[in-house]
Amino acid sequence: MSSTVALVILAVAIAVIVGLCFYAWSLRKEVSRREAYRRDEDARAQQNSLENLDYVVSALVQEQVDITEGAWRCKVLLEIIDPSLTERAEFKAFAEHYSRTQHLNTHTARQQLSPRERMQEDKERLMVENEMRDAVLEAARAVLKWRAQGSKALH
1 MSSTVALVIL
11 AVAIAVIVGL
21 CFYAWSLRKE
31 VSRREAYRRD
41 EDARAQQNSL
51 ENLDYVVSAL
61 VQEQVDITEG
71 AWRCKVLLEI
81 IDPSLTERAE
91 FKAFAEHYSR
101 TQHLNTHTAR
111 QQLSPRERMQ
121 EDKERLMVEN
131 EMRDAVLEAA
141 RAVLKWRAQG
151 SKALH
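Numbering (UniProt numbering), first residue to last: 1 to 155.
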């Protein structure tokens, strides 16, 4: 093999290596950009969930929302914020109320029930609400107290 051919092969190899390095660098830059975007989205979602939780517990404490609806929403929002929050003793009333009422129909499924079935479900829901009212309202007040801690609230 002549030295000219060897130099051409070496130049091509170096060009390929430089090209691959540039490509790897651009891919790494894209991954970093996407990770930053995901972190920003997660932070926004977290903040939105906290704000929504504030609205729901305030409405619960002021009894502007059904106990069942408020407890369900609080449970879901707490799970979005941090799944371990629903396991805290002061917030367990939301999960307990949810577990006792989750079998009840909502929205379209509720509309498809006969009036008698709807009345039976309403009766059951109201019974659970009466039993759980104080515990759910106390849990809502605990959330307000927890949220008043501000930036320490998630730790």
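A virtual CB, placed ideally from N, CA and C, is assigned to each residue, including glycine.
Judged by beta-carbon spacing, F94 lies within the 9 Å limit of A71, meaning their Cβ atoms are closer than that value.
Contact between S99 and I80 is absent: CB atoms are separated by about 18 Å, not below the 8 Å threshold.
Closest option to A142, judged by alpha-carbon separation, among H107, K92 and T101: K92. Rounded to the nearest whole angstrom, the C-alpha separation of R118 and R110 is 7 Å. Collapsing the DSSP output to three states places T106 in coil. Secondary structure in the segment 40-105: the alpha helix (DSSP H) runs of 4 residues or longer, each lying completely within the stretch, are 67-81 and 92-101 in chain order. CA-to-CA, the gap between A140 and R33 works out to about 38 Å. Straight-line spacing of the CA atoms in E51 and S26 works out to 37 Å. For the 9 Å CB-CB criterion, L77 and V61 do not form a contact. Burial check for L10: the Cβ neighbour count within 10 Å stays below 16, so the residue is exposed. Around E131, the same chain offers no residue with a beta carbon nearer than 8 Å, after the five sequence neighbours per side are excluded.
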